[in-house]
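Read the structure below first, then the notes.
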Amino acid sequence: MASRKISPWLLFMIITQVIGEDTRSVEISLIPDSKFQCANTTCLPFITLVTSNIRNCQVACLTQSQCRAATFHRSTSNCELFADMLSQNANMLADVDAISMNVISGTRFPPEPTTTSTSTTSSSTSSTTSSSTSLTTTSTTTSTTTSTTSLTTTTTTSSTTSLTTTSTTTSTTTSTTSTSTTSSTTSLTTTTTTSSTSTTTTSSTTTAIPKWTITGSMSIARSYHTTSALANGSVLVAGGSNGTILNSVELYNPLTGIWTTTGSMNVPRQYHTATTLANGSVLVAGGSNGTYLNSVELYNPLTGTWTTTGSMNAARQYHTTTTLANGSVLVAGGYNGVYLNSAELYNPSIGTWTTTANMSVPRQDHTAFTLANGLVLVTGGYNLGVYLNSAALYNLSTGTWTTTGSMSIARRYHTASTLANGSVLVAGGQNSSGVYLNSAELYNPSTGTWTITGSMSVGRILHAASTLANGSVLVAGGQYNTNPTNSAELYNPSTGTWTSTANMSTARYDHTASILANGKVLVTGGMGNTYLRSAELY
């Protein structure tokens, strides 16, 4: 496909992030429906992240000081960050699935750090120095203007037994209104007698240790619910249970930390899935409420209402849903009285489901992720008393499943996270002996094989995992030896090791975690000693 030249002035944005008293900002130009045509090595991204929306991709570029450009792919949620681009604006390829962004030179604040060291030593004995400084300010204006000129001189005199410091400040302020010309002159003469003068300046920067903070609580306690990040930055929480199966829905506003209720679903449900579509709507599918559900609903963020869409061919809970490159949604596996290997595709354009090829192994409590190559990786789960270590790949182009390498350890109730290098990290879960696992494994899409990586300090199930903007993976909460835990750990892909981080305020499992546009992680609800309505930010 021929490349095309795009004018970068179509749209400009200023992205700002405030963390405590640390403010970062950058101005970027947006190039819609385009991606970089990487014909040379300088065009390859230095990092690829999975972000829930374009805003998170922009924030990721903001937090990486070397980021010069970025591309967000809507269908896969892949965010590519580029450190150095040659002929960015002319090196484009049309792609309706992509939005590319260029950092405008000189707009990043703070600028990239530089270090300059200068050492000066001077001495004199019994010397007298006389200096004169003259400052003249002239202003002419036709509107109301205030101009201030300030000059400060500090003289230090040292003798054998005493040290005296004298500070003299002279300030001249000139205000002009309408058409006028004002001139002011300040003259300052300083005489200094000194034996020696030495000045030392020390500057240090301290990086704050991440911690958890309590934010607003939901109006209703719930577990077995879903959370979805919306295009406007809000987070949608839907359904679940607190002893009663819920159809209520709430919205979290990251700017205020407050939850508000929005339109309720038509059907109460738990153990369902929620998927954000390319048009911004949220697709909620299946679950149960005393019966297994095949019904599906769409949430419209603009109206705050739900509408029924086409039903799945099979009712199911404990299933997975995954967004594909063409915008369709793949649902796989689950349980409805029998363990399912069936799979279906939802077409958002017409609101209907069609069956696709079955998985070779029925499973529930598995994970599913879209890889950078567009294939969907399904891992582990449970089937009729058997814990699974098998994995499978779905190919949209052929509509078929193929078996790939098996994990070293069979597990259910685990998490799976996509890393910047394209690998998939599987962590924790439970095995057939009932052991709560602390082990972790890495899947390599290029070879289709798994390798063991560092283990967590705590075995856990029903936890939450989030890939952060810096590429590390945050694992929080879960159940440990039948008890809820508030512990959290960070996985470093560069070293393959885990480190403990701050504990959550509340121990919880069966909760959800969402990455916000500002890079923070929002944890909501779940189970502790009871159903929880509290929420926390990391």
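Taken in order, the sequence shown gives residues -20 to -1, 1 to 518; the numbers are from mature numbering (1 follows the signal peptide of the UniProt record, and there is no 0).
Glycine included, every Cβ here is placed at the ideal spot set by N, Cα and C.
- Tell me whether the beta-carbon of LEU257 lies closer than 9 Å to the beta-carbon of PRO328. Closer than 9 Å, so yes.
- Item | For THR302, the first and last residue of its enclosing alpha helix (DSSP H) | That residue, THR302, is in no alpha helix (DSSP H); its beta strand (DSSP E) goes 300 to 303.
- Task: State the start and end residues of the unbroken alpha helix (DSSP H) segment that holds ALA265.
- Result: Premise fails: ALA265 lies in the beta strand (DSSP E), 262 to 265, not in any alpha helix (DSSP H).
- Query: Mapping DSSP to helix, strand and coil, what is ARG54?
  - Reply: coil
- Item | Beta-carbon contacts of THR492 that lie in its chain and below 6 Å, excluding the five residues immediately before and after | THR207 and THR504
- Item | Of the residues ASN316, ASN466, ALA201 and ALA420, the one placed nearest GLY408, counting alpha carbons only | ALA420
- What is the C-beta distance between THR335 and ASN306, in whole angstroms, given that I count them as a contact (C-beta under 8 Å)? 17 Å between Cβ atoms; not a contact.
- Message: When you compare the CB of TYR272 with every CB in chain C, is at least one pair closer than 9 Å?
- Response: Absence of chain C from the displayed structure is noted, only one protein chain being present.
- Runs of beta strand (DSSP E) lying entirely within the segment 205 to 246, each at least 3 residues, in chain order: 206 to 209, 215 to 218, 229 to 233 and 238 to 242
- For the beta strand (DSSP E) that ILE34 lies in, which residues bound it at each end? It is not in any beta strand (DSSP E) - ILE34 instead sits in the alpha helix (DSSP H) that spans 34 to 43.
- Please state whether DSSP places ARG392 in a helix, a strand or coil. strand
- Message: Let me confirm a value: GLY86 is counted as buried when at least 16 other C-beta atoms fall within 10 Å, else exposed. Which label applies?
- Response: exposed
- Task: Give every residue of the same chain whose Cβ lies closer than 8 Å to the Cβ of ASN363, excluding the five residues on either side of it in the sequence, and list them in chain order.
- Result: TYR319, VAL341, PRO342, ARG343 and GLN344
- Query: By how many angstroms is the C-alpha of THR285 removed from the C-alpha of SER221?
  - Reply: 21 Å
- Query: In terms of residues, what are the limits of the beta strand (DSSP E) holding ASN424?
  - Reply: 420 to 424
- Task: Apply the 10 Å Cβ neighbour rule to THR475 and answer buried if 16 or more other Cβ atoms are within range, or exposed otherwise.
- Result: Burial call: exposed.
- Task: Pick helix, strand or coil for PRO464, following the three-state DSSP scheme.
- Result: If DSSP states are grouped into helix, strand and coil, PRO464 belongs with the strands.
- Per-residue burial, THR229 [other beta carbons within 10 Å of its own, 16 or more giving buried]: The sequence given here places Val at residue 229; Thr does not occur at that position. The residue is buried, with at least 16 neighbouring Cβ atoms inside 10 Å.
- Query: Short check: CB of residue 524 to CB of SER57, under 9 Å?
  - Reply: Only positions -20 to 518 of the chain appear in this structure, which leaves residue 524 out of reach.
- Please name the residue in LEU496, TYR511 and ALA515 whose C-alpha comes closest to that of SER32. LEU496
- Work out the CA separation of SER261 and LEU368 for me, nearest whole Å. 33 Å
- Message: Below 8 Å on the Cβ atoms is my contact criterion, and I expect VAL501 with LEU512 to pass it. Report the Cβ-Cβ distance as a whole number of Å.
- Response: Wrong, their Cβ atoms sit about 16 Å apart, outside the cutoff.
- Query: Span of the beta strand (DSSP E) holding residue 526?
  - Reply: In the structure as shown, the chain starts at -20 and stops at 518, and residue 526 therefore has no counterpart that could be examined.
- Message: Does ASP13 come out as helix, strand or coil in the three-state DSSP assignment?
- Response: Three-state result, ASP13: strand.
- Could you tell me whether any non-hydrogen atom of the ligand COA is closer than 8 Å to the CB of LYS191? What this structure holds is no ligand at all, so the ligand COA is not there to describe.
- For my contact list, SER268 and GLN250 are in at a C-beta cut-off of 8 Å; report their separation, rounded to the angstrom. 6 Å
- Message: Distance check for GLU324 and SER308, CA to CA, integer angstroms please.
- Response: 10 Å
- At which residues does the beta strand (DSSP E) containing ALA348 begin and terminate? 347 to 350
- Task: Quick one: using the 10 Å Cβ neighbour count with 16 as the cut-off for buried, is LYS191 buried or exposed?
- Result: exposed
- Three or more beta-carbon pairs under 8 Å between the segment 443 to 456 and the segment 367 to 384, yes or no? no
- Could you tell me which residues DSSP puts in a beta bridge with ASN472? THR477
- Task: Output yes or no for whether 9 Å exceeds the beta carbon distance between PRO425 and VAL406.
- Result: no
- Message: Whole angstroms are fine: how far does the CA of ASN338 sit from the CA of ASN321?
- Response: So the two alpha carbons sit approximately 6 Å from each other.
- Query: For the beta strand (DSSP E) that VAL356 lies in, which residues bound it at each end?
  - Reply: 356 to 359
- From SER397, THR301, ASN463 and SER199, pick the residue whose C-alpha is nearest to that of ILE238; which is it? SER199
- Query: How many Å lie between ILE79 and VAL366 at the Cα?
  - Reply: 44 Å
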